[in-house]
Amino acid sequence: MTSSHKPESAGSRSPRVFQAAGREDFRSGRKLDKMAVESRVTQEEIKKEPEKPIDREKTCPLLLRVFTTNNGRHHRMDEFSRGNVPSSELQIYTWMDATLKELTSLVKEVYPEARKKGTHFNFAIVYPDPKRPSYR
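First residue of the sequence shown: 1101, per this note's numbering; consecutive thereafter.
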């Protein structure tokens, strides 16, 4: 069974062909000896438009909740359970295009412990799990 598609544009790449032997068609239950799948990736799909910079004068900042530790480790996930959060929270208003370097500077501005010599910054993302009442 071979599936082929016409190229979407003249500048498309050559197809990549994948073969699988001894697979079973999940709809009919028939054994397939060989199956070739053809995929074409067009230049339009590859090219990403550069993201427009955020106009910080016109765009409202977001609230970023930062939790600090002094022990060199991230907070445990159970510290974020049942609606609780660690007490070491810093609330920083910033924009979606903020860099980690910029966030580091903002933390240093409001948290004197972060200004000590030898301080290392290590970032992790914690977000609500949509399937459970907990964080990931």
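Cβ atoms here follow ideal geometry from the backbone N, Cα and C, with glycine treated the same way.
With DSSP collapsed to three states, give me the class of residue i.
| i | result |
| --- | --- |
| Arg1215 | helix |
| Tyr1235 | strand |
| Phe1180 | helix |
| Thr1169 | coil |
| Thr1199 | coil |
| Glu1157 | coil |
| Glu1151 | coil |
What does the alpha-carbon distance come out to for the pair residue i and residue j?
| i | j | result |
| --- | --- | --- |
| Lys1231 | Asp1178 | 16 Å |
| Asp1155 | Tyr1227 | 26 Å |
| Pro1186 | Met1196 | 24 Å |
| Phe1167 | Gln1191 | 9 Å |
| His1175 | Ser1181 | 11 Å |
| Asn1171 | Gly1183 | 23 Å |
| Thr1159 | Leu1203 | 18 Å |
| Arg1205 | Glu1151 | The question names Arg, yet the displayed sequence has Ser at residue 1205. Their Cα atoms are separated by approximately 24 Å. |
If you measure between the beta carbons of residue i and residue j, is that distance less than 8 Å?
| i | j | result |
| --- | --- | --- |
| Thr1199 | Leu1164 | no |
Tell me where the beta strand (DSSP E) around residue i begins and ends.
| i | result |
| --- | --- |
| Tyr1227 | Run containing Tyr1227: none; DSSP gives neither H nor E here. |
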